[in-house]
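This report concerns only the one structure given below.
Number of protein chains: 2
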Amino acid sequence: MDIETDFDLKAYLKKQQDIVNRALQSYLTDPEARITKAMEHSLMAGGKRIRPVLCIAAAEAVGGNSDDVIPAACAIEMIHTYSLIHDDLPAMDDDDLRRGIPTCHRAFDEATAVLAGDALLTLAFEVLSGGIKGVDSKDILKVIGIIAEAAGRNKMIEGQMRDILNEGKLISLAALKEMHTMKTGAMIEASVRTGAILGGGSEEQIRFLSEYADKIGLAFQVTDDLLNVEGDPEIMGKAVGTDEKRDKSTYPNLMGIEASREFSADLINSALKAVEKFDNKAVPLRKIAEYIIERKR
Amino acid sequence: MDIETDFDLKAYLKKQQDIVNRALQSYLTDPEARITKAMEHSLMAGGKRIRPVLCIAAAEAVGGNSDDVIPAACAIEMIHTYSLIHDDLPAMDDDDLRRGIPTCHRAFDEATAVLAGDALLTLAFEVLSGGIKGVDSKDILKVIGIIAEAAGRNKMIEGQMRDILNEGKLISLAALKEMHTMKTGAMIEASVRTGAILGGGSEEQIRFLSEYADKIGLAFQVTDDLLNVEGDPEIMGKAVGTDEKRDKSTYPNLMGIEASREFSADLINSALKAVEKFDNKAVPLRKIAEYIIERKR
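Which chain is which? The protein sequence lines are A and B, in order.
Heads up, the first sequence stops at 297 in the working numbering, and the numbers go up one at a time, no gaps.
Heads up, the second sequence stops at 1297 in the working numbering, and the numbers go up one at a time, no gaps.
The structure is reproduced here in structure tokens:
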């Protein structure tokens, strides 16, 4: 049996998503509180769980125990969800629909959505500080630092700031790449590094995996832009064509659709090259890289 | 010389505030970025720094080195400031003025204010994870957990949620106390516990200091309510009488002004009793307790 060929990515993703979903749900104690309901509305809306799955797959790739990284994987998904809730707010992107259901401020109200985002961000650090077992405290602190930096003012938040400031402006391809590296790339890299560190990876392995993450992070965004042009709103659970309506700078409109497709394919090839020295335990990471540009939502 | 009588609280507060302000400023690298300017606008607006000073004073009270707790004290002030920025938003309390200057969303815009709050909350955990020296990693993780819990959905955020839901409603005194314990008390207690833990306090000392913090936290809120009725807007740097305009339940309107004053004095007496076994190193904590109900802003 050839592991690489016979690997069933769909089954793997489903299995990891189920594990992550169960773990995420377990953190939402006090289900009757309005704040919990708002957090749950957005957190359990059936996201792809790309970041947690990458975190788990990175831990596996370095021979680590995937159970040890579930809390960190969940914390990362909480941070991702908080960022979506706040980005959707009327003062930001003013979106009504997300993951096929009303955005948090639409389902509840604006104040509740601000607080639900704040609560998810804070809960992420509570889980990181107390939920990870069997790992040295120094490594846990390191991971908290990596995640906080990636989610912080020089990366994810600065990326969103620039995204807002750039709305309606045509920016250069270099500026677009930098913005995306900040806005989405940094957290994807942090997900992979977190898995690699908690899984006990060597310095060299962590470096290769960071390179892998950097490439797939950018490819992920290019594909997102392509899906916004060519995607099926039914499958995606959100409107398409919204970037063009907003005069947003995107890869398709700066490079053209065909060149964007080639660019993302090149990025995935570089990602695969970065993990070529890894053994079969990295098969999930390889398959996820391919999936990132083939996905329909 | 009698340390207790001759202790100059004003000079002590000024010294600690200066140390905290310098440290806070040092975290605001990249001063030209819009997000940094917005963070700085609110963070460096001359707050009283009650929480960081309590954190430092608690470390001193257990014989710890105050330098070791400065990063944690700063992180706590960042979280406090983020909560003010978000609470002031139009969707929440819709305040125009804070600490004598325009609120963050007034000085910048709503999107920037949401992001500046998010960035301060995230930076707090970055500083906690990497900025504390000379303390065991396990204790740092414990402190991160305490702060995240106090700032989280069952405490500070739930308190703010209830504050919004209760607006215009007359609630019971018990419900008001519970709300305040969540909204402000939990973070004050976390500040003191953080100082005590990082300062190397014993279990018993930490228990007494938590009791102290619990009492002064509530007294702080009662005094805030009294100042909103009787305070001088010039000294306070913000409008007074706003609670009444909003039909807010407060101690003065549920208990009467005189009974509120007595209640806060009783709380301070209980706080002083909780730290009576401590030696002279707890003088600052004792003096701060007295200051809390005597303050004019």
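Each residue gets a CB set at the ideal place from its N, CA and C atoms; glycine is no exception.
Quick caveat: nothing in here was measured; it's all calculated off a predicted structure.
- Residues of the segment 1071 to 1094 of chain B with a C-beta atom less than 7 Å from some C-beta of chain A are H1086, L1089, A1091 and M1092, listed in chain order.
- Put simply, the segment 1049 to 1059 of chain B does not touch the segment 171 to 185 of chain A. Fewer than three CB pairs are less than 8 Å apart.
- Below the 8 Å Cβ cutoff, chain B contributes S1137 as neighbours of K138 of chain A, in chain order.
- With a cut-off of 8 Å on Cβ pairs, the segment 1127 to 1142 of chain B is not in contact with the segment 1155 to 1175 of chain B, counting fewer than three such pairs.
- Contiguous alpha helix (DSSP H) elements confined to the segment 108 to 138 of chain A occur at 110 to 130, taking only those with 4 or more residues.
- In this model, E230 of chain A and Y291 of chain A are separated by some 17 Å (Cα to Cα).
- Pairing A119 of chain A with M39 of chain A gives a Cβ-Cβ distance under 8 Å.
- Sixteen is the threshold: when 16 or more other Cβ atoms of the shown chains lie within 10 Å of the Cβ of R98 of chain A, as they do, the residue is buried.
- The alpha-carbon of E203 of chain A is positioned some 13 Å away from that of K142 of chain A.
- Interface with chain A (8 Å Cβ-Cβ cutoff): V1069 of chain B is excluded.
- Listed along chain B are M1161 and L1165, each with a C-beta nearer than 8 Å to that of R34 of chain A.
- Selection B:I1197, B:F1007, B:L1123 and B:I1019 evaluated against A1075 of chain B yields B:L1123 as nearest (Cα-Cα).
- In the three-state DSSP reduction, R295 of chain A falls in the coil class, being neither helix nor strand.
- The segment 1246 to 1280 of chain B contains, as complete alpha helix (DSSP H) runs of 4+ residues, the segments 1251 to 1255 and 1257 to 1274 (chain order).
- Bridge pairing for I101 of chain A: A:R98 [DSSP].
- In chain order, F278, K281, A282 and L285 place their CB closer than 6 Å to the CB of A61 of chain A, counting only its own chain and leaving out the 5 sequence neighbours on each side.
- Taking a C-beta cut-off of 9 Å against chain A, the contacting residues of the segment 1103 to 1124 of chain B are H1105, D1109, E1110, A1111, T1112, A1113, V1114, L1115, A1116, G1117, D1118, A1119, L1120, L1121, T1122, L1123 and A1124, listed in chain order.
- For D1030 of chain B, the nearest beta carbon of chain A is closer than 8 Å to its own beta carbon.
- E40 of chain A does not reach chain B, its nearest Cβ partner there being about 11 Å away, counting only Cβ pairs nearer than 9 Å.
- The shortest CA-to-CA distance from G1064 of chain B to any of B:P1233, B:L1089 and B:G1199 is the one to B:G1199.
- Restricted to the segment 1019 to 1043 of chain B, the alpha helix (DSSP H) segments that are unbroken, complete and at least 4 residues in length are 1034 to 1043, listed in chain order.
- At least one beta carbon of chain A lies nearer than 8 Å to the beta carbon of S1129 of chain B.
- Interface with chain B (8 Å Cβ-Cβ cutoff): R153 of chain A is included.
- Residue contact check for G1100 of chain B against chain A: no CB pair falls below 8 Å.
- By the neighbour-count criterion, in which 16 or more other beta carbons inside 10 Å mark a residue as buried, L1128 of chain B falls on the buried side.
- Nearest Cα to F1220 of chain B within the set B:V1069, B:K1183, B:E1234 and B:M1255: B:K1183.
- Contacts with chain A at 8 Å (Cβ-Cβ) include I1144 of chain B.
- If you draw a 10 Å sphere on the C-beta of R1246 of chain B, you find fewer than 16 other C-beta atoms in it, and that means exposed.
- 8 Å or more divides the Cβ of G195 of chain A from the Cβ of V275 of chain A.
- In the structure shown, P90 of chain A adopts coil according to DSSP, grouped into three states.
- In the structure shown, F220 of chain A adopts helical secondary structure according to DSSP, grouped into three states.
- By the beta-carbon neighbour count (other beta carbons within 10 angstroms, threshold 16), S26 of chain A is exposed.
- Measuring C-alpha to C-alpha distances from H41 of chain A to each of A:P90, A:V192, A:E149 and A:N21 identifies A:N21 as the nearest.
- Shown here, V240 of chain A sits in coil according to DSSP, grouped into three states, outside any helix or strand.
- About 6 Å separates the Cβ atoms of E189 of chain A and G217 of chain A, confirming a contact at the 8 Å cut-off.
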